[in-house]
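Notes for the one structure printed next.
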Amino acid sequence: MGERFRSDEVPVRGRFLETAGRLALALFFLYLFLVGVKALETGISSFGGDVVDQVLGSVANPIAALAAGVLATVLVQSSSVTTSMMVGLVGAGVLPLETAVPMVMGANIGTTVTNTLASLGHVRQNAYFERAFAAATVHDYFNILSVAVLLPLEVGFGLVTRVATWLSDLLGGLLPAVESGDGKVKQAVEAPVVWFSDQLGGNPGVLLLVLGICLIFLALWVITRQMKSVMSGRIENAINGILGRGAGVGALIAGMLMTAAVQSSSITTSILVPLVAAGVLSLRNAYPVTLGANIGTTVTALLASVAADSPDALTLAMAHLTFNVMGTLIFYPAPRLRNLPIRLATGTARLAVRRKSVVVAYVVGVFIVAPLAVLLIA
Numbered sequence: 010m011g012e013r014f015r016s017d018e019v020p021v022r023g024r025f026l027e028t029a030g031r032l033a034l035a036l037f038f039l040y041l042f043l044v045g046v047k048a049l050e051t052g053i054s055s056f057g058g059d060v061v062d063q064v065l066g067s068v069a070n071p072i073a074a075l076a077a078g079v080l081a082t083v084l085v086q087s088s089s090v091t092t093s094m095m096v097g098l099v100g101a102g103v104l105p106l107e108t109a110v111p112m113v114m115g116a117n118i119g120t121t122v123t124n125t126l127a128s129l130g131h132v133r134q135n136a137y138f139e140r141a142f143a144a145a146t147v148h149d150y151f152n153i154l155s156v157a158v159l160l161p162l163e164v165g166f167g168l169v170t171r172v173a174t175w176l177s178d179l180l181g182g183l184l185p186a187v188e189s190g191d192g193k194v195k196q197a198v199e200a201p202v203v204w205f206s207d208q209l210g211g212n213p214g215v216l217l218l219v220l221g222i223c224l225i226f227l228a229l230w231v232i233t234r235q236m237k238s239v240m241s242g243r244i245e246n247a248i249n250g251i252l253g254r255g256a257g258v259g260a261l262i263a264g265m266l267m268t269a270a271v272q273s274s275s276i277t278t279s280i281l282v283p284l285v286a287a288g289v290l291s292l293r294n295a296y297p298v299t300l301g302a303n304i305g306t307t308v309t310a311l312l313a314s315v316a317a318d319s320p321d322a323l324t325l326a327m328a329h330l331t332f333n334v335m336g337t338l339i340f341y342p343a344p345r346l347r348n349l350p351i352r353l354a355t356g357t358a359r360l361a362v363r364r365k366s367v368v369v370a371y372v373v374g375v376f377i378v379a380p381l382a383v384l385l386i387a
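The sequence shown begins at 10 in our numbering and counts up by one.
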């Protein structure tokens, strides 16, 4: 009996050590992520005012900024990467909030391309594909509708920025990044960047910029992989367990927590696509998980703001959170508005099943042609 206990104990201990090791690795790369944001901010700051003119010249108005956010996120396949870079640019004083906030809205649209592409794996099976494409595009339509409502309010009244500024002022004192003092977290993040700059001498702006971008990409990639491995199986079980008791606020909170844990809304939403395709989940039950994933993904920008010197960096992170929470509050509580993205996604999926050319036109048009046209015209 004692031998059987010891033999059963080994795999449990092994799983515990593996999980602990993955979490430790994720924490280490979280530190490197913060160092990357600081390196990006420092490198951009060293270029001076010419860079500011060039950046602002390419995004002359909020619509162009929105399009730039869509394209940038489609290219890197991660809103976490683009919003982290935006936080660094705002922290460096290169990107003003009035330009950065529409860019973040665009990043929200751009990130939905991943699960839309994931749905194409079912394209040869019409019944599966219809459900999969609807599950993917409901995320698209929700973000597009949120932008359609909130971008005009932001341009006209600064609504998102005002709320984000209030939240930033309220929470800023709790975060070491926004403090002007020399906190331990700030010193630990700055030390490698200062050392690297000293080793290079002269004006290391370009190298710091490249180092920052590489560290942000690498760190988020490793964190996402490690946390996905830790959460593997738990995500599907949690979704099935919660949705088995009915969708709603619980499903929304589950989507938010799971996405915050794995640092990627694309993972959460892409898991939903095959579950809906197979008929395990209904589109209506998967929908609140998607909304929760939208909110959970804002954690990355909040973490990035820890490495920035300017309070505006935290305000931008709060703007990302504010936008997603406001969109959910607008479209989820009222049944008619709640059903609007579902109806649009379902209609598009039915059309896509009848004419596969609609799929290509939709993906290329929404995520590439439309934003490119806006940038060329603006």
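Beta carbons are placed, not taken as given, at the ideal position from N, Cα and C, and that holds for glycine.
All of these numbers come straight from a predicted model, not from anything done at the bench.
1) I think Phe38 touches Ala228, with their Cβ atoms under 8 Å apart; what is that distance to the nearest whole Å?
2) Going by C-alpha to C-alpha distance, which of Val46, Val110, Gly45 and Thr51 sits closest to Ala77?
3) When you compare only the Cα positions, how much space is there between Asn303 and Ser155?
4) Tell me whether the beta-carbon of Val46 lies closer than 9 Å to the beta-carbon of Gly100.
5) Taking the alpha-carbon positions, what's the Val367 to Leu381 distance?
6) Rounding to the nearest angstrom, what Cα-Cα distance links Phe142 and Lys237 in this structure?
7) Note down the Cα distance separating Leu84 from Asp321, rounded to an integer number of angstroms.
8) Is the beta carbon of Gly214 closer than 9 Å to that of Phe376?
9) Short of 6 Å in beta carbon distance, which residues of its chain neighbour Thr82, apart from the five on each side in sequence? Order them along the chain.
10) Could you give the distance in angstroms between the alpha-carbon of Val383 and the alpha-carbon of Val298?
11) Does Phe340 pass the burial test, meaning 16 or more other C-beta atoms within 10 Å, or should it be called exposed?
12) State yes or no: is the C-beta of Gln272 within less than 9 Å of the C-beta of Thr331?
13) So, is Phe25 buried or exposed, given that buried needs 16 or more other C-beta atoms within 10 angstroms?
14) What is the residue span of the alpha helix (DSSP H) that Arg171 lies within?
15) By how many angstroms is the C-alpha of Val231 removed from the C-alpha of Leu346?
16) Thr108 and Ala74 look like a contact to me (Cβ under 8 Å); what is the Cβ gap, rounded to whole Å?
17) Please state whether DSSP places Gly288 in a helix, a strand or coil.
18) What residues in its chain sit with their C-beta under 6 Å from that of Ala29, if we drop five residues either side in the sequence?
19) Could you please give the first and the last residue of the uninterrupted alpha helix (DSSP H) stretch that includes Phe205?
20) Looking only at its own chain, which residues have a Cβ that is under 6 Å from the Cβ of Met327, when we skip the five neighbours before and after it?
21) Does DSSP put Pro71 in a helix, in a strand, or in coil?
22) Taking 9 Å as the threshold (C-beta atoms), are Gly221 and Gly97 in contact?
23) To the nearest angstrom, how far is the alpha carbon of Gly52 from that of Leu218?
24) Between His131 and Ile280, what straight-line distance do the alpha-carbon atoms span, to the nearest angstrom?
25) Decide if Lys193 is buried, meaning its Cβ has at least 16 other Cβ atoms within 10 Å, or exposed.
26) On the three-state DSSP scale, how would you describe Thr306?
27) Using the beta-carbon count (16 or more within 10 Å), is Arg140 buried or exposed?
28) Run through DSSP, which three-state label would Ala109 get?
29) Quick check on Asp149: does DSSP put it in helix, strand or coil?
30) Leaving aside the five residues before and after Gly190 along the sequence, list all residues of the same chain whose C-beta is less than 6 Å from its C-beta, in chain order.
31) Let me confirm a value: Phe42 is counted as buried when at least 16 other C-beta atoms fall within 10 Å, else exposed. Which label applies?
32) By how many angstroms is the C-alpha of Cys223 removed from the C-alpha of Ser291?
A quick look at the data gives this:
1) As a first step, residue 38 is located in the sequence shown; it is residue number 29 there, counting from the start. As a first step, residue 228 is located in the sequence shown; it is residue number 219 there, counting from the start. About 4 Å separates the beta carbons of Phe38 and Ala228, which is inside the 8 Å limit, making them a contact pair.
2) Indexing the sequence shown from 1 puts residue 77 at position 68. Taking only the C-alpha atoms, the option nearest Ala77 is Val110.
3) The residue labelled residue 303 in the question sits at position 294 within the sequence shown. The residue labelled residue 155 in the question sits at position 146 within the sequence shown. Their backbone Cα atoms lie some 11 Å apart in a straight line.
4) Position 37 of the sequence shown holds residue 46. Position 91 of the sequence shown holds residue 100. Between Val46 and Gly100, the C-beta spacing is below 9 Å.
5) On the sequence shown, residue 367 is found 358 positions in, with the first residue counted as 1. On the sequence shown, residue 381 is found 372 positions in, with the first residue counted as 1. Each residue's Cα considered, the two are about 19 Å apart.
6) Position 133 of the sequence shown, counting from 1, holds the residue named residue 142. Position 228 of the sequence shown, counting from 1, holds the residue named residue 237. Approximately 24 Å, taken between the alpha carbons.
7) Here the question's residue 84 lines up with position 75 in the sequence shown. Here the question's residue 321 lines up with position 312 in the sequence shown. For Leu84 and Asp321, the distance between alpha carbons rounds to 26 Å.
8) The count along the sequence shown starts at 1 and reaches residue 376 at position 367. The count along the sequence shown starts at 1 and reaches residue 214 at position 205. Not in contact: Phe376 and Gly214 (Cβ atoms no closer than 9 Å).
9) Translated into positions along the sequence shown, residue 82 becomes position 73. Same-chain partners within the cutoff: Ser88, Thr91, Ala116, Gly119 and Thr120.
10) For the purposes of this step, residue 383 is taken as residue 374 along the sequence shown, with counting starting at 1. For the purposes of this step, residue 298 is taken as residue 289 along the sequence shown, with counting starting at 1. Computed Cα separation, rounded: 31 Å.
11) Along the sequence shown, read from residue 1 onward, the residue named residue 340 stands at position 331. The Cβ neighbour count for Phe340, taken over all protein chains shown within 10 Å, is at least 16; the residue is labelled buried.
12) Counting from one through the sequence shown, the residue named residue 272 turns up at place 263. Counting from one through the sequence shown, the residue named residue 331 turns up at place 322. Contact flag unset, no.
13) The residue labelled residue 25 in the question sits at position 16 within the sequence shown. Of the residues assessed, Phe25 falls on the exposed side of the cut-off, its CB having fewer than 16 other CB atoms within 10 angstroms.
14) Along the sequence shown, one-based indexing puts residue 171 at 162. Segment Leu168 to Leu180, the alpha helix (DSSP H) holding Arg171.
15) On the sequence shown, residue 346 is found 337 positions in, with the first residue counted as 1. On the sequence shown, residue 231 is found 222 positions in, with the first residue counted as 1. The straight-line gap from Cα to Cα measures roughly 38 Å.
16) Taking the sequence shown and counting its residues from 1, one reaches residue 108 at position 99. Taking the sequence shown and counting its residues from 1, one reaches residue 74 at position 65. In this structure Thr108 is in contact with Ala74, their Cβ atoms being roughly 5 Å apart against a cut-off of 8 Å.
17) As a working note, residue 288 is residue 279 in the sequence shown. Secondary structure at Gly288: coil, using DSSP grouped into helix, strand and coil.
18) The count along the sequence shown starts at 1 and reaches residue 29 at position 20. In its chain, beyond the 5 residues on either side, no residue has a beta carbon closer than 6 Å to the beta carbon of Ala29.
19) Within the sequence shown, numbered from 1, the residue matching residue 205 stands at position 196. Unbroken alpha helix (DSSP H) run through Phe205: Lys193 to Leu209.
20) Position 318 of the sequence shown, counted from the first residue, corresponds to residue 327. Excluding sequence neighbours, Met327 sits near Ala173, Leu176 and Ser177.
21) Here residue 71 refers to the residue found at position 62 when the sequence shown is read from its first residue. Correct three-state label for Pro71: helix.
22) Locating residue 97 in the sequence shown gives position 88, counting from the first residue. Locating residue 221 in the sequence shown gives position 212, counting from the first residue. In contact: Gly97 and Gly221 (Cβ atoms closer than 9 Å).
23) Within the sequence shown, residue 52 is the residue found at index 43, counting from 1. Within the sequence shown, residue 218 is the residue found at index 209, counting from 1. In this structure, the CA atom of Gly52 is about 5 Å from the CA atom of Leu218.
24) In the sequence shown, residue 131 corresponds to position 122, counting from 1. In the sequence shown, residue 280 corresponds to position 271, counting from 1. Distance from the CA atom of His131 to the CA atom of Ile280, rounded to whole angstroms, is 14 Å.
25) Here residue 193 is taken as the residue at index 184 of the sequence shown, counted from 1. Exposed, by the Cβ-count rule.
26) For the purposes of this step, residue 306 is taken as the residue at position 297 of the sequence shown. DSSP places Thr306 in the coil class of the three-state scheme, outside both helix and strand.
27) Against the sequence shown, residue 140 aligns to sequence position 131. Arg140 should be labelled buried.
28) As a first step, residue 109 is located in the sequence shown; it is residue number 100 there, counting from the start. In the three-state reduction of the DSSP assignment, Ala109 falls in the helix class, which pools H, G and I.
29) Counting from 1 along the sequence shown, the entry for residue 149 is found at position 140. The answer is helix: DSSP assigns Asp149 an H, G or I state.
30) Within the sequence shown, the letter at position 181 stands for residue 190. Residue placement at Gly190 cannot be trusted, given a pLDDT of 45 that sits under 50; the coordinates are not used to answer.
31) By one-based count along the sequence shown, residue 42 stands at place 33. Buried: at least 16 other Cβ atoms inside 10 Å.
32) Here the question's residue 291 lines up with position 282 in the sequence shown. Here the question's residue 223 lines up with position 214 in the sequence shown. Ser291 and Cys223 have their C-alpha atoms some 39 Å from each other.
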